[in-house]
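Novice: Have a look at this one before I ask anything.
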Amino acid sequence: MSERRKRGSLSPQQVVDAALEVADEGGLDALTIRAVAERVGASPMAIYRHVDDREDLLVRMLEHVAAEFPVTIDAPTPLERISERFLGQHDLLAPRPWVLHILVRGDLVPPNSFAALDATIGDLLELGFSASEAITRLGMLWHFVLGELLDRHPQLVGPRPTQRERALMTMNVGELPNYAHVLAELDPGDGPMNCPIRTTLPIVFAAICA
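In the numbering used here, the protein residues as written are 170 to 379.
Right, here's the structure in full:
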């Protein structure tokens, strides 16, 4: 444990940075006010001088991540801008699967993420969709990226190989003959399908935005 800080020497950004480190290393289960306090060498009460509660801390952590979301994309067509914007978000979120586990709760959102969404809505409107069609497609695009992130970038903090990896490595292709044709393409650490995002996203997005 670090030495205790002097009273008043802790900043809100230091609290958020410490919380990000805890979540990156151990996931949301490891993120407690006490763990953050220990990380910065302060008391839990010192943390509460900078955040209202754990939920407030989670929102601030989300805002830190969303601050890097690409908004303005230098690409000639709306579809290219949409694809690049979501790929940028994907690459920021993939190393931090704990963010997805906050978002799927459905009750927290970083307000600074709205700028990227607004830009995508603008691109969808430019493609000729009505307001209703644009917001529906925005949801479809996000659900695709969210699903890919949850499936292929899980929060693995325990021993490897995981049960899923062991199941794939010991699969009986005699009982699953169709898998025998594709088994060489599977990486047990990737889950059941080999579908890199930079291959699948343009295909799916082009279909959604057609």
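Glycine included, every Cβ here is placed at the ideal spot set by N, Cα and C.
Give the single residue among Val342, Gly343, Asp320 whose Cα lies nearest to the Cα of Arg333.
Specialist: For this step, residue 333 is matched to residue 164 along the sequence shown. Ranking the options by Cα distance to Arg333, first place goes to Asp320.
Novice: Within this structure, are the beta carbons of Glu317 and Ile372 separated by less than 8 angstroms?
Specialist: For the purposes of this step, residue 317 is identified with residue 148 of the sequence shown, where counting begins at 1. For the purposes of this step, residue 372 is identified with residue 203 of the sequence shown, where counting begins at 1. Result no, Cβ atoms of Glu317 and Ile372 do not sit closer than 8 angstroms.
Novice: Please report how far the alpha carbon of Cys378 lies from the alpha carbon of Val209, in whole angstroms.
Specialist: Position 209 of the sequence shown, counting from 1, holds the residue named residue 378. Position 40 of the sequence shown, counting from 1, holds the residue named residue 209. Computed Cα separation, rounded: 47 angstroms.
Novice: Distance check for Ala288 and Glu302, CA to CA, integer angstroms please.
Specialist: What you label residue 302 is simply residue 133 of the sequence shown in a count that begins at 1. What you label residue 288 is simply residue 119 of the sequence shown in a count that begins at 1. Using only the alpha carbons, I get a separation of about 15 angstroms.
Novice: Run the CB neighbour count on Pro330, radius 10 Å, all protein chains shown included, and call it buried at 16 or more, exposed below.
Specialist: Residue 330 sits at position 161 when you count from the first residue of the sequence shown. By the neighbour-count rule (16 or more Cβ atoms within 10 Å), Pro330 is not buried but exposed.
Novice: Is it buried or exposed, Asp351, if we count other Cβ atoms within 10 angstroms and call 16 or more buried?
Specialist: Within the sequence shown, residue 351 is the residue found at index 182, counting from 1. Residue identity check: residue 351 is Val in the sequence provided, not Asp. It is exposed - the Cβ of Val351 has fewer than 16 other Cβ atoms within 10 Å.
Novice: What first and last residue would you give for the alpha helix (DSSP H) that runs through Asp320?
Specialist: The residue you call residue 320 lines up with position 151 of the sequence shown. From DSSP, the alpha helix (DSSP H) with Asp320 extends over 300 to 321.
Novice: May I ask you to report which of helix, strand or coil DSSP gives Phe283?
Specialist: The residue you call residue 283 lines up with position 114 of the sequence shown. Correct three-state label for Phe283: helix.
Novice: Straight-line CA distance for Ile251 to Ala300?
Specialist: Here the question's residue 251 lines up with position 82 in the sequence shown. Here the question's residue 300 lines up with position 131 in the sequence shown. Going by the C-alpha atoms only, they are around 16 angstroms apart.
Novice: Straight-line CA distance for Ser171 to Val205?
Specialist: On the sequence shown, residue 171 is found 2 positions in, with the first residue counted as 1. On the sequence shown, residue 205 is found 36 positions in, with the first residue counted as 1. Note that Ser171 scores 46 on pLDDT, short of 50, meaning its location in the model is unreliable; the coordinates nonetheless yield the value given after this. Computed Cα separation, rounded: 11 angstroms.
Novice: Would you report the Cα separation of Gln182 and Leu293, rounded to the nearest angstrom?
Specialist: Residue 182 sits at position 13 when you count from the first residue of the sequence shown. Residue 293 sits at position 124 when you count from the first residue of the sequence shown. When rounded, the distance between both Cα atoms is 36 angstroms.
Novice: For Ala211, which option in Asn347, Ala188, Ala284 has the closest C-alpha, if you only look at C-alpha atoms?
Specialist: As a working note, residue 211 is residue 42 in the sequence shown. Comparing Cα-Cα distances from Ala211 to each of Asn347, Ala188, Ala284, the minimum goes to Ala188.
Novice: Give the straight-line distance between the Cα atoms of Pro361 and Ala263, rounded to the nearest whole angstrom.
Specialist: Along the sequence shown, one-based indexing puts residue 361 at 192. Along the sequence shown, one-based indexing puts residue 263 at 94. Because the pLDDT at Pro361 is just 47, under 50, the model does not fix this residue reliably, and the point stays unresolved.
Novice: Which of helix, strand or coil does DSSP assign to Thr201?
Specialist: Locating residue 201 in the sequence shown gives position 32, counting from the first residue. The answer is coil: DSSP assigns Thr201 none of H, G, I, E or B.
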